[in-house]
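So the sequence lines, in the order shown, correspond to chains V and D.
Just remember that this note's numbering sits 230 ahead of the position in the first sequence, which is counted from 1.
Just remember that this note's numbering sits 6 ahead of the position in the second sequence, which is counted from 1.
Working notes, beginning with the structure itself.
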Amino acid sequence: MDRERAKDSAQVNRYRRRFLQGAAAAAATNAAAPVPAWGGSTLGDVFADFFQDHYQRMTPEEIQETLRRIERKAKRRYGVEIQCKNTPPQENVVFGYAINISKCKGYRDCVDACVEENNLGRDMRYIHVLEMDQGGQNLRTADRYYDRKRVPAQGKYYLPIQCMHCDEPPCVKACPVEATWMEPDGIVVVDYDWCIGCRYCMTACPYEARHFNWGGPKLSGAEINPDTHYLGNRPRPKGVVEKCHFCVQRTRENRQPACQEACPSGARVFGNLLDPDSEIRYVLENKAVFRLKEDLGTEPKFWYYRDI
Amino acid sequence: MTFFAFLRDGLHSMSSGPPLYWLWMGALALIVLFGGWRYLHQLDEGLIVTNMSNQVSWGFYISNFTFLVGVAAAAVMLVIPAYIFDRQDIKDVVLMGDTMAVTAVLMAMGFIVVDLGRPDRIWHLIPGIGRFHFPESMLAWDVVVLSGYLILNLGISFYILFSHYRGYIPKLRIYFPFVIIAIFWAISIHTVTAFLYSSNSGRAFWSNPMLAPRFIASAFASGPALMIIGFQIIRKISNYPVAQSVINLLALVMGVALQITIFFIGAELFTDFYNEGEHAASIRYLFLGLDGHYALQPWIWSALCMLGIAVVILMIHPLRLNTHFLNIACVLTVTGIWIEKGMGLVIPGYVPTPLGEVYEYLPNGNEIAISLGIWAAGLMLFTAMAKAAIPIECGALRRPGLALGEPLCAPPKLQENETVPESAPLGALPEADRTSTRDANTGGILTPTPTRIPPTR
Chain V
231 MDRERAKDSA QVNRYRRRFL QGAAAAAATN AAAPVPAWGG STLGDVFADF FQDHYQRMTP
291 EEIQETLRRI ERKAKRRYGV EIQCKNTPPQ ENVVFGYAIN ISKCKGYRDC VDACVEENNL
351 GRDMRYIHVL EMDQGGQNLR TADRYYDRKR VPAQGKYYLP IQCMHCDEPP CVKACPVEAT
411 WMEPDGIVVV DYDWCIGCRY CMTACPYEAR HFNWGGPKLS GAEINPDTHY LGNRPRPKGV
471 VEKCHFCVQR TRENRQPACQ EACPSGARVF GNLLDPDSEI RYVLENKAVF RLKEDLGTEP
531 KFWYYRDI
Chain D
7 MTFFAFLRDG LHSMSSGPPL YWLWMGALAL IVLFGGWRYL HQLDEGLIVT NMSNQVSWGF
67 YISNFTFLVG VAAAAVMLVI PAYIFDRQDI KDVVLMGDTM AVTAVLMAMG FIVVDLGRPD
127 RIWHLIPGIG RFHFPESMLA WDVVVLSGYL ILNLGISFYI LFSHYRGYIP KLRIYFPFVI
187 IAIFWAISIH TVTAFLYSSN SGRAFWSNPM LAPRFIASAF ASGPALMIIG FQIIRKISNY
247 PVAQSVINLL ALVMGVALQI TIFFIGAELF TDFYNEGEHA ASIRYLFLGL DGHYALQPWI
307 WSALCMLGIA VVILMIHPLR LNTHFLNIAC VLTVTGIWIE KGMGLVIPGY VPTPLGEVYE
367 YLPNGNEIAI SLGIWAAGLM LFTAMAKAAI PIECGALRRP GLALGEPLCA PPKLQENETV
427 PESAPLGALP EADRTSTRDA NTGGILTPTP TRIPPTR
């Protein structure tokens with residue numbers, strides 16, 4: 231009881247100090263900039279959050295304002311300085327991904343790297359690695375929760391599954407408020423500040439690629455990756471859908487996605503489908519590639535292949 | 007001015023009543039408040055307080071929503087005989103059917119709102135200031151058809167009620183086009199809701215052309231069942247003229263619709279199980295369990311038994327015409343279809359998941375409390391609207407300055423080729439079937455025995 235009360239009063243003192251500091255700063259500088267008040271949220275930020283427009287309709291100035299607001303919110307909630315950018319898509323780029331399932335051994339380094347890079351709540355994963363029985367492609371007997379001391383297991387192969395960034399995405403069609411769409415560089419993105427949380431897109435997706443924030447993301451300040459993108463790994467609120475976004479904060483700056491870099495087996499190939507000299511194009515043209523649920527007509531930009 | 011008197015009188019009627027009325031509304035209000043308190047908790051913590059998961063992302067809320075859209079659509083089962091077949095006995099009760107439809111649509115919308123992760127962003131759906139993904143998104147279609155149906159039913163009911171309040175026969179010429187629109191619109195609301203599910207090609211349990219016909223068939227069984235129960239209650243506690251022929255027609259419709267529903271279920275079972283492939287995994291989970299998981303199995307088999315007993319009662323004439331057996335059949339039908347069209351439809355679509363995982367779902371206390379709160383709010387709304395409408399329909403409530411007990415007359419400003427009366431019954435049913443007396447010329451309702459009507463002035 232006493233410890234809690236002491237903690238409370240310490241918090242109260244902290245807020246009071248911040249408020250007074252802010253008030254003093256305002257008085258000193260006579261600035262027009264809003265000062266964080268008790269609880270840390272200015273009224274202006276609250277209103278701006280509520281009335282924020284759709285990403286595709288915001289003017290460049292509005293987007294910059296929004297990015298700064300997101301950075302302020304992250305500072306208040308997690309105590310961390312982050313950078314939220316809005317790197318545009320590159321010209322003549324459409325991203326594609328291929329996984330060599332002969333090389334994938336089921337280590338799940340990709341899963342962990344994605345969680346860290348993209349500020350996922352620690353109970354969420356964008357990537358599921360399915361442990362499949364050799365001799366077929368039976369999803370019903372696949373196990374995504376395998377917990378072994380040694381991988382790969384005898385008689386099994388591994389199929390990592392994440393958002394396929396379909397060219398005919400059923401999720402984009404389903405969304406009643408157009409909160410999800412395909413960007414010019416082929417990445418299917420979500421405007422987390424526009425999503426109303428109806429989860430119809432999750433129902434529509436045949437690959438279980440979309441995930442919902444049932445509660446607030448289980449994330450602490452120490453775990454945050456501060457290099458973020460508005461459409462990608464910036465901190466997300468409760469009650470919205472999110473998914474793999476091909477690490478938009480990296481790939482739009484000519485870097486590889488975190489999962490590709492993390493794979494120790496070199497099983498992952500990511501690149502520009504429009505570049506005839508890219509590795510991904512080589513794979514698609516020379517390997518026996520296949521896609522999951524081809525018959526549904528979703529046209530995924532995510533292929534699988536074997537070495538033989 | 008008459009409009010404000012109408013509102014005032016209506017509100018006065020809703021806020022006065024016998025002790026039973028207050029007991030009923032009070033009990034419902036408690037349930038609403040409890041549900042509201044749990045909803046505040048859900049708003050605070052997020053949908054994590056429910057049992058829904060990434061695997062089963064729609065649950066009890068959407069199950070209730072689906073069932074209620076069917077109930078709302080079934081009002082058309084009164085509208086068609088009333089206006090297309092010109093049955094006067096049905097025309098007397100069509101207002102109550104429309105009121106039930108309005109209540110059901112509002113409850114359905116309530117269930118959508120409590121299911122949203124961000125209800126504060128609901129304005130994102132408004133075309134223009136939001137971004138309304140119409141016509142690509144089936145959810146957008148559902149918003150359009152449900153809102154339109156609500157406005158249609160409110161408009162038609164209001165016009166009829168307001169005309170009666172002013173002592174006029176409602177001008178058929180004015181509202182008949184809207185009645186025709188409402189008939190097609192009613193079919194559309196449940197069809198669009200079915201398309202919400204059947205458009206998902208990644209979910210084999212739903213992705214079949216039978217879903218929309220199945221929805222309509224079961225709606226036309228569950229809706230009339232609720233109406234039969236409701237009309238009997240209304241007939242018992244008021245003077246609202248519910249002819250037995252109305253109940254008989256609804257029971258017949260219910261019987262045929264149930265037969266079709268059961269046939270459709272049978273057709274689905276055959277097609278899925280004869281050459282059983284992976285597409286039958288969900289229906290196997292529902293009826294037989296999957297990988298040691300069978301939470302829904304007792305529910306669906308109970309529902310099938312209930313529907314089976316109900317259809318047998320309804321197919322045997324003496325039983326269908328017997329009040330006790332009919333009521334049993336109605337309760338069984340409503341419960342059976344609530345299970346089959348609710349949890350029995352929504353949950354198996356998610357089990358197994360598209361990547362083959364079997365993860366079960368049953369609603370938890372929070373979801374049940376919030377859902378009961380919405381049902382109670384709907385019942386309160388229906389009771390209040392009926393409480394206001396019944397005196398007007400019985401002729402005991404008229405606009406200020408109008409004598410009670412006068413038959414309805416034609417509204418002023420007659421067209422040249424129009425004659426009075428407009429809504430006289432054609433092929434009138436024998437008098438013994440009516441529970442109230444009618445003016446032979448106009449078909450208007452005369453004031454029945456005054457002792458049962460509480461005086462309003």
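Ideal Cβ positions, reconstructed from N, Cα and C, are used throughout, including at glycine.
Everything numeric in this text was worked out from a predicted model, so none of it was measured.
Straight-line gap, D:Arg326 to D:Val99 (C-alpha atoms, nearest Å): Here the alpha carbon of D:Arg326 sits roughly 20 Å from the alpha carbon of D:Val99.
For V:Lys403, the first and last residue of its enclosing alpha helix (DSSP H): First-last of the alpha helix (DSSP H) with V:Lys403: Pro400 to Ala404.
Inter-residue CB distance, D:Phe40 and D:Ala375 (contact presumed, cutoff 8 Å): 6 Å
Proximity of V:Ile417 and V:His475 at Cβ, strictly below 7 Å: yes
CB contact flag (V:Pro530, V:Arg536, <7 Å): no
D:Ala33 classed as buried or exposed, judged by whether at least 16 other C-beta atoms fall within 10 angstroms: exposed
Range covered by the alpha helix (DSSP H) that runs through V:Gln294: Pro290 to Tyr308
Beta-bridge pairing of V:Trp533 - partner residues as DSSP gives them: V:Ala328
Per-residue DSSP class, three states only, for D:Arg14: helix
Under 7 Å between C-beta atoms of D:Val120 and D:Tyr45: In contact: D:Val120 and D:Tyr45 (Cβ atoms closer than 7 Å).
CB contact check: D:Asn196 to chain V, cutoff 7 Å: Before going on, a small fix: residue 196 of chain D reads as His here, not Asn. It does not; no Cβ of chain V falls within 7 Å.
Chain D contacts made by the region 410–424 of chain V, where a contact means CB separation under 9 Å: Residues of the region 410–424 of chain V with a Cβ closer than 9 Å to any Cβ of chain D, in chain order: Asp423 and Trp424.
Within 8 Å of chain V by C-beta, residues of the region 119–132 of chain D in sequence order: Asp121, Leu122, Gly123, Arg124, Pro125, Asp126, Arg127, Ile128, His130 and Leu131
Residue-level contact to chain V via CB, D:Leu351, 7 Å cutoff: no
Burial state of V:Gln392 (16 or more Cβ within 10 Å): With 16 or more other Cβ atoms within 10 Å, it is buried.
Assigned exposure category for D:Leu178 - 16 Cβ within 10 Å defines buried: exposed
Contact set between the region 366–390 of chain V and chain D, restricted to residues whose Cβ is under 7 Å from the partner: Leu369, Arg370, Ala372 and Arg374
Contacting residues, own chain, Cβ-Cβ under 6 Å from V:His358 (five flanking each side not counted): Arg374 and Ile391
Beta-carbon contacts of D:Pro93 that lie in its chain and below 7 Å, excluding the five residues immediately before and after: Going by the sequence as given, residue 93 of chain D is Arg instead of Pro. Cβ within range, chain order: Pro87.
Backbone CA spacing between V:Val323 and V:Gly501 [nearest angstrom]: 9 Å
Interface flag, V:Pro530 vs chain D, CB-CB below 7 Å: no
Proximity winner among V:Ile329, V:Arg485, V:Asp457 and V:Leu503, relative to V:Lys315 (alpha-carbon distances): V:Asp457
Neighbour flag for D:Thr425 against chain V, beta carbons, 7 Å: Note on D:Thr425: pLDDT 46, under 50, position unreliable in the model; the coordinate value appears next. So no, D:Thr425 is outside the interface.
Residue from D:Ala394, D:Leu158 and D:Asn328 whose Cα sits closest to the Cα of D:Ser21: D:Ala394
Residues that D:Gly362 contacts on chain V, provided the C-beta gap is smaller than 7 Å: Against D:Gly362, the close residues of chain V are Leu369, Arg370 and Ala372, in the order they occur along the chain (beta-carbon pairs closer than 7 Å).
CB contact below 7 Å: D:Leu39 versus chain V: Not one chain V Cβ lies under 7 Å of D:Leu39.
Contacting residues, own chain, Cβ-Cβ under 7 Å from V:Gly445 (five flanking each side not counted): Lys468
Under 9 Å from the C-beta of D:Val149: neighbouring residues of chain V: Pro406
The region 252–266 of chain D contacting the region 315–323 of chain D, beta-carbon criterion three pairs below 8 Å: Result yes; three or more Cβ-Cβ pairs closer than 8 Å.
Short CB-CB distance (under 7 Å) between D:Glu142 and chain V: yes
Supposed contact pair D:Ser63 and D:Tyr356 - C-beta distance, whole angstroms, cut 8 Å: 7 Å
Whole-number beta carbon distance between D:Ile334 and D:Ser224, since they are thought to touch under 8 Å: About 19 Å separates the two Cβ atoms, so there is no contact after all.
Exposed unless 16 or more other CB atoms sit within 10 angstroms - verdict on D:Pro397: It counts as buried.
Span separating the alpha-carbon of D:Leu387 from that of V:Ile454: 49 Å
Alpha-carbon spacing of D:Ile234 relative to D:Tyr300, whole angstroms: 34 Å
Identified DSSP bridge partners for V:Gln282: Answer is none; V:Gln282 lacks a bridge partner.
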